[in-house]
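Residue numbers (mature numbering (1 follows the signal peptide of the UniProt record, and there is no 0)): -21 to -1, 1 to 985.
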């Protein structure tokens, strides 16, 4: 047993030695491989080294060998930029916390990233280093590297903390001072930056870099001469980018030294940041030009400052305004001063800009506000200004000159000074005149009354008296009109007014309307005796004079007046020729009357009075006992003028001729035709009455009874009551008792809806409602007249009912009536009324072909006033624009401009500017817009559109400030005009996108 045990022990010992020998061999092998891997690592063969370190780590038994392998594996991963590199380093530190290479690992990884300029990565690992475990030299490197990584990642606080620790280091001190100086420079601590830069300025490696910074530092420290010296010295050896920056330093230094001429070439040489200037750059160069009195170039720079809202912009806009003034560009100056006045960075500049803005507004007009508003706004903002008296004088005058009377009235309300009351009198008068010219007589009269309540200036008191009478005349208040005209005539100052020229004419017409023909003739005679130059009015006066004599049975005098009218031939001569012939007949010259009527029918084939002539000719033939000729004349009338109100009269006359000639059957045929075709007319009533006599004579009363029952307008048993009721109402009408007449006519129509006088009653009550401006009430009565047969009332009813539909914009209802009026009217003015409104109605319905056709018809009439001409031209112009025919539109708008007033004139002037813009005549176009702003500022829509056009003109003229400022003002000031604001926004965005390419202060999204 002992031997056996000893044997076993020997075997065991032998086995142990074998294991130890094997382990020793393995260790030796691992060390050899480890050394090979280390050699590969040192030769930067990181991939191969990493693989070998991995193999050694797998077989190595010793912790230290494994630890070293893990360290190098992670290090290789870092150098090979492997995705898990950082994790491998973290794993190494975690797995081998006691490794002596732990701190070295952090330093090595950080240094590797540092050397490869991956400063953010380096910073992460330097933060893990235990600086106390580093030697002095290693620590200095650590401080510098860590400081520089912080500097490179713009963590200046940390950078300064570490770099400050080595600023006295022999190896790193110069670099540390340079970077500390640079951080002070970036932080605007120019004194500290200068101090550090001075410490390294003698070193060649920093000399080149420091020359720019020192020049800039001296500039920022206000040492402009030194900055210029340093920057100029550096210019020759600089690249293009640095030359640009140095030029800026030199230019701004000269600028601050007020050496503007010297500054200009250097300011111009600056290329901007990333090729763009900012508003300050444009301001400095512009101001330098301004100080040299080079206003053209100053404007060129100032007007590139778009949308500025700071002290520099306010200064720039103020000096831009002054530059424009020096070049006599007042419209441009207006915008610049307005912009400067709206900023409060410098209150003195703001006040001075306000003053200039107010004065220029008065001088040339203002498209944004009325001149009175601007002047009043200045006085309100600066009540103690030294210019108070001057501005108050301009304010009073501006109420008149601005022609924006509507706004001026608002401003003048409750202003109690004598000067303001005097201005109010004039403004109220001019506003009344505007409304009168627009046909708004009721409101015009109230304004004339307002003017008369402030009788400060006797001239305007007289003029307001006259025009109030004119308004009364147009409102058919003839008695009031007569009183007014008489009052005017009696005023001493009347002789000094333009209205005195035609007072006799006006009085003549007023007496004529009041049926006082003796007085009417007296005043018309006065007028024709003294007024020889106004041919149209003279012609008209002779016509009315003739009419007055005619109705007064002074036929020879009437003939003389009509002959004078025919001789002048300023108004269609068919009317006086006809009236003359009728007058001749009344003097007993029947044969001359017949000859005159026969000649008239031949000479005036298109006259609206030709049916009158045929009727009168037939009557004259009857009187001369030439029955056959009479019948032919009546037949010709019925054949050629079926719609004429004389047809039932002619038929009735033929019936009476047959009746008087005992040809009862022929007479009955004619009477029945009148009664059947023209029911309810006076001729129909007379035809029935005469037919009744014939039937009685023939003993055929039953036949008469059967026939008359078919005529629903004949109520034979109530005839006396019918007549009495109607006559009572008619008397109230003739006595001008309007309310009573309306009441009694309505009572008659309720009692006798188909009465003998229903037609007349409907017409007269309609006229009374019309006079009271109750068109809604009048309309059904006019419609009754029109639905009845042709009568003497038809023409007037057509005119009034069509006017009612026009005012309601019921175009489709108005058009058929207007067409009837055009075809049936006897009076030329009604034909013109029909045609002019047909053109408007067709235009509103977008039927441009018919609109233009009627406009051309209107213009073919030589006897129309300028208002109607203007309307016709405007319809042609607008239709041409709608159909894309701009050449015709241009021509038509030019015609409008010659004759139009008010809003139509504003529209024409806008298109004058529009077409000039299209032709590239931008300055001329702006001239038209300025005229629009001055003369028609009350018409805001066209003012706003004109401003957008002006903005386009300015941008085409390379004035971006004017363009953008105007567009921004339109957007701000005219929100009620969606289409204009939309166009302004589109243009503004387009300009800003373009200007943002060269101006860094502009955001294209603004």
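Glycine residues also receive a C-beta, built at the ideal position from the N, C-alpha and C atoms. Small disclaimer: the values here were computed from a predicted structure and weren't measured.
(1) Kindly list the residues whose CB is nearer than 6 Å to the CB of residue 101, restricted to its own chain and excluding five residues on each side of it in sequence; keep chain order.
(2) Residue 108 lies in the alpha helix (DSSP H); which residues open and close that run?
(3) Residue 575 lies in the alpha helix (DSSP H); which residues open and close that run?
(4) Sorted by chain position, which residues of the same chain lie with C-beta nearer than 6 Å to residue 1's C-beta, five sequence neighbours on each side aside?
(5) Taking all protein chains shown into account, decide if residue 284 is buried (16 or more other Cβ within 10 angstroms of its Cβ) or exposed.
(6) Mapping DSSP to helix, strand and coil, what is residue 338?
(7) With DSSP run on the structure shown, which of helix, strand or coil describes residue 485?
(8) Take the Cβ of residue 789 as the centre, count every other Cβ of all protein chains shown within 10 Å, and call the residue buried at 16 or more, exposed below.
(9) Buried or exposed for residue 609, please, with buried defined as at least 16 other CB atoms from any protein chain shown within 10 angstroms of its CB.
(10) Looking only at its chain, what residues have a beta carbon closer than 7 Å to the beta carbon of residue 614, apart from the 5 residues adjacent to it on each side?
(11) Does the structure place the stretch 587 to 604 close enough to the stretch 621 to 640 that three or more beta carbon pairs sit under 8 Å?
(12) When you compare the CB positions of residue 280 and residue 300, do they come within less than 8 Å of one another, or not?
(13) I'd like to confirm the pairing. Which residues does DSSP put opposite residue 256 in its beta bridges?
(14) In three-state DSSP terms, what is residue 674?
(15) Assess, as a yes-or-no matter, whether the stretch 821 to 833 is touched by the stretch 844 to 855 under the definition of 3 or more beta carbon pairs within less than 8 Å.
(16) Suppose only complete runs of 3+ residues qualify. What are the beta strand (DSSP E) ranges in the stretch 825 to 897, listed by chain order?
(17) If you run the structure through DSSP and keep just helix, strand and coil, what is residue 655?
(18) Count the C-beta pairs between the stretch 530 to 538 and the stretch 547 to 562 that are closer than 8 Å, then say yes if the count reaches three, no if not.
(19) Helix, strand or coil for residue 929, going by three-state DSSP, please let me know.
(20) When the Cβ atoms of the stretch 407 to 422 are set against those of the stretch 433 to 447, are three or more pairs found closer than 8 Å?
(21) I'd like to know whether the C-beta atoms of residue 531 and residue 497 end up nearer to each other than 8 Å.
(22) Measuring only the C-alpha atoms, how far is residue 926 from residue 872?
(23) Where does residue 128 fall in DSSP's three states?
(24) Using 8 Å as the Cβ pair cut-off and three pairs as the minimum, do the stretch 734 to 744 and the stretch 755 to 766 touch?
(25) Could you check what DSSP says for residue 973 in three-state terms: helix, strand or coil?
(26) Expressed to the nearest angstrom, what Euclidean distance is found between the alpha-carbon atoms of residue 727 and residue 526?
(27) So, using beta-carbon positions, are residue 271 and residue 240 closer together than 8 Å?
(28) Between the Cα of residue 340 and the Cα atoms of 719, 973, 380, which residue gives the shortest distance?
(29) Three-state secondary structure (DSSP) at residue 356?
(30) Measuring alpha carbon to alpha carbon, tell me which of 258, 449, 959 ends up nearest residue 424.
(31) State buried or exposed for residue 149, treating a residue as buried only when at least 16 other CB atoms are found within 10 Å of its CB.
(32) Contact between the stretch 239 to 257 and the stretch 967 to 982 is defined here as three or more beta-carbon pairs at a separation below 8 Å; is this criterion met?
(33) Return the first residue and the last residue of the alpha helix (DSSP H) that residue 736 is part of.
(34) At a cut of 8 Å, does the stretch 56 to 76 reach the stretch 16 to 30 through at least three beta carbon pairs?
(35) For residue 955 and chain D, any beta-carbon pair shorter than 8 Å?
(36) With distances taken from CA atoms, which of 461, 879, 691 is nearest residue 732?
Checking against the coordinates, here is how it stands:
(1) 89, 92, 93, 128
(2) It is not in any alpha helix (DSSP H) - residue 108 carries neither H nor E in the DSSP assignment.
(3) 569 to 582
(4) Per-residue confidence for residue 1 stands at a pLDDT of 44, beneath the threshold of 50, marking its modelled position as unreliable; the derived number appears in the next sentence. Same-chain partners within the cutoff: there are none.
(5) buried
(6) helix
(7) helix
(8) exposed
(9) buried
(10) none
(11) yes
(12) no
(13) 978
(14) helix
(15) yes
(16) none
(17) helix
(18) yes
(19) helix
(20) yes
(21) yes
(22) 19 Å
(23) helix
(24) yes
(25) helix
(26) 33 Å
(27) yes
(28) 380
(29) helix
(30) 449
(31) exposed
(32) yes
(33) Neither: residue 736 is in no alpha helix (DSSP H) and is coded neither H nor E.
(34) yes
(35) As a matter of chain content, chain D is missing from the structure shown, which is built from one protein chain.
(36) 691
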